[in-house]
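Chemist: Before I ask anything, here is the structure I am working with.
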Amino acid sequence: MTTFASIPVKKTSQSRLSDIDFTKLEFGKYIADHMLVADYKNGQWHAPEIVPYGDLKMSPAILSLHYGQAVFEGMKAYKMKDGNISIFRIHKHHERLNKSLARMCMPEVPHDLFVQGLTALVETDHDWVPRTEGSSLYIRPLVFASEARLGVKVSDEYKFIIMTSPVGPYYSKPLRVKVEEHYVRAAEGGTGFAKCAGNYGGAFLPTQQAREQGFDQVLWTDAKEHHYIDEAGTMNVMFVLDGKLITPKLTSAILDGVTRDSIITLSHDLGLPMEERRVSISDLAEGFNSGKLTEAFGAGTAAVVAPIATINIHGKDYQLPQAGATSFQQQVKQKLHNIRIGAEADEHQWNHIVRIA
Ligand code: COI
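Residue numbers (my numbering): 111 to 467.
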């Protein structure tokens, strides 16, 4: 059996770090100097290595381009107060990656390859982790079918790559979202829970149309009735309704968000009652009319905690109050930040520490 105890590092001779303006980080614009690459062939993953980030030479016949076997993760690493780096919830992301891979009939990535590979990569590019509050090193693990063949088949070959990117906030202002009642992101039994590339490609047209109508994002509803809220495509959604944190209960059509899961745990610590349940459009409309819907926000690795200012239901805009410092979303966002940078105890063991000498 292959083990991944020590991963060779080929360092770049031309770091791009000094070209980066860390005060103007657009999401995903800059990719750090190195990437991890591993190949799957003959039924197993082979020797990973860390190499300078750059283009790959690939055949246009690789199966992922045609039949969609491509799965990714979104994670973040933070600069801690003591100078070390924390990779947030590495094991939970690894678990989710493997669930996505299983759904797409792709080989799992072994735990030690994922954890040791990512640790070594973050160590190598530790100077790329931003230091300012609200910024972090976004981590993008990716697995795709790399066998060149036109027949419709499960690929026998794959590439696992991890690249990283220093990022600031994903959304710069509170969001206007539209409840989508025509298009469908995912149906039960489909691939909605998996972080596969096609889920994002399929959402582009409806999202673009919503943007043309003045919205930032679509609030996806269930495929059968268009009556229950699923998620927002780039993030899960959460509400404070009648003094309780409410979020759509996971189904096979909803991504099992790591930030969502963390906020659910922290809601217990912060003493806010919480419920994972079906959330209907009527629940939201009634909550607005009675004044009991006091907060709505998105939760995701890229989005972190993204306030929602307006929800458009059946063509009508409903407005939420501005989320002040005592709102649940601001409190939980601050708590998450404090845990990640080591300013508060990491009681749930979420930080994977990369020690920087
Ligand atoms: C993430 O939150 O990491 C995502 O993958 C969502 C999106 C930015 C692709």
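Think of the CB as a built atom: it goes at the ideal place given N, C-alpha and C, for glycine as much as any other residue.
Check H144 in the structure and name its three-state DSSP category.
Modeler: Looking at H144 - three-state DSSP - the assignment turns out to be strand.
Chemist: State the Cα-Cα distance for the pair A320 and I195, rounded to the nearest angstrom.
Modeler: For A320 and I195, the distance between alpha carbons rounds to 38 Å.
Chemist: Does the region 337 to 350 come into contact with the region 403 to 414, if we say contact requires no fewer than three beta-carbon pairs (one atom in each stretch) closer than 8 Å?
Modeler: In short, these stretches touch, since the Cβ pair count reaches three.
Chemist: Using only CA atoms, which one of M348, S377 and Q429 lies nearest to V389?
Modeler: Looking at the Cα atoms, M348 is the closest of the given residues.
Chemist: Would you identify the three-state DSSP class for V368, choosing helix, strand or coil?
Modeler: In the structure shown, V368 sits in a helix (DSSP, three-state: H, G or I).
Chemist: Tell me, to the nearest whole angstrom, how far the beta carbon of F303 is from that of I364; I am working on the premise that it is less than 8 Å.
Modeler: Going by Cβ atoms, the distance from F303 to I364 rounds to 6 Å, so yes, they are a contact pair.
Chemist: At a cut-off of 7 Å, would you count A412 as near ligand 1, judging by its Cβ distance to the nearest heavy atom?
Modeler: Indeed, a heavy atom of ligand 1 lies less than 7 Å from the Cβ.
Chemist: Answer yes or no: the CB of T301 versus the heavy atoms of ligand 1, is any distance below 7 Å?
Modeler: False, no ligand heavy atom lies under 7 Å from that Cβ.
Chemist: Grouping DSSP H, G and I as helix and E and B as strand, with all else coil, what is L252?
Modeler: Strand, per DSSP.
Chemist: Measuring only the C-alpha atoms, how far is L223 from S392?
Modeler: Distance between the alpha carbons of L223 and S392: 46 Å.
Chemist: Around the C-beta of L228, are 16 or more other C-beta atoms found within 10 angstroms, so that it is buried, or is it exposed?
Modeler: Looking at its Cβ environment, which holds 16 or more other Cβ atoms inside 10 Å, L228 is buried.
Chemist: Would the C-beta of G184 count as close to ligand 1, meaning under 7 Å from any of its heavy atoms?
Modeler: Checking the Cβ of G184 against ligand 1 gives yes.
Chemist: Beta carbon of T133: closer than 7 Å to some heavy atom of ligand 1?
Modeler: Not so, every heavy atom of ligand 1 lies at least 7 Å from the Cβ.
Chemist: Would you please state the rounded distance, in angstroms, between the beta carbons of Y248 and A416? I believe it to be under 8 Å.
Modeler: In fact, because the Cβ distance is near 15 Å, the residues do not count as touching under 8 Å.
Chemist: For T369, which of Q318, M145, M190 and G184 has the nearest alpha-carbon?
Modeler: When only C-alpha atoms are compared, the closest one is G184.
Chemist: Which residues does DSSP list as the beta-bridge partners of L175?
Modeler: L175 pairs with nothing; no bridge assigned.
Chemist: Roughly how many angstroms separate the alpha carbons of K139 and S275, rounded to a whole number?
Modeler: Cα to Cα, the separation comes out at about 7 Å.
Chemist: Quick one: grab the DSSP three-state call for I478.
Modeler: This structure leaves residue 478 out entirely; the chain is present only between 111 and 467.
Chemist: Note down, one range per segment and in chain order, each alpha helix (DSSP H) of at least 4 residues found wholly within the region 368 to 412.
Modeler: If we require 4 residues or more, the alpha helix (DSSP H) runs fully inside the region 368 to 412 come out as 368 to 379 and 391 to 400.
Chemist: Leaving out five residues on either side along the sequence, give the residues of the same chain with a beta carbon under 8 Å from the beta carbon of A230.
Modeler: Excluding sequence neighbours, A230 sits near I117, V119, L146 and I160.
Chemist: Output needed for D326: all residues of its chain with C-beta closer than 6 Å, excluding positions within five of it in sequence on either side, in chain order.
Modeler: Excluding residues within five positions, the ones whose Cβ falls inside 6 Å are L285 and R286.
Chemist: Is Y188 near ligand 1, judged by its Cβ being under 7 Å from some heavy atom?
Modeler: No - ligand 1 has no heavy atom lying nearer than 7 Å to the Cβ of Y188.
Chemist: In the DSSP output, what is W155 paired with across the bridge?
Modeler: Paired residues: Y150.
Chemist: From H156 to L252, what distance separates their C-alpha atoms?
Modeler: Those two C-alpha atoms are separated by around 16 Å.
Chemist: How would you write the range of the alpha helix (DSSP H) that V289 sits in, first residue to last?
Modeler: Not the alpha helix (DSSP H): V289 falls in the beta strand (DSSP E), residues L285 to V289.
Chemist: Would you kindly check if the distance between the Cβ of K445 and the Cβ of L360 is under 8 Å?
Modeler: Result no, Cβ atoms of L360 and K445 do not sit closer than 8 Å.
Chemist: Which residue marks the beginning of the beta strand (DSSP E) containing T436, and which one marks its end?
Modeler: Here T436 belongs to no beta strand (DSSP E), and DSSP marks it neither H nor E.
Chemist: Examine the Cβ distances between the region 255 to 267 and the region 455 to 462 and report whether three or more of them are shorter than 8 Å.
Modeler: As far as the Cβ criterion goes, the region 255 to 267 does not touch the region 455 to 462, which means the pair count is below three.
Chemist: Quick one, are the C-beta atoms of T317 and N309 less than 8 Å apart?
Modeler: Going by C-beta atoms, T317 is not nearer than 8 Å to N309.
Chemist: Does Q444 come out as helix, strand or coil in the three-state DSSP assignment?
Modeler: In this structure, Q444 counts as helix in the three-state DSSP scheme.
Chemist: What is the residue span of the beta strand (DSSP E) that H462 lies within?
Modeler: Unbroken beta strand (DSSP E) run through H462: N461 to V464.
Chemist: Taking the beta strand (DSSP E) that T357 belongs to, which residues open and close that run?
Modeler: K354 to P358 is the extent of the beta strand (DSSP E) around T357.
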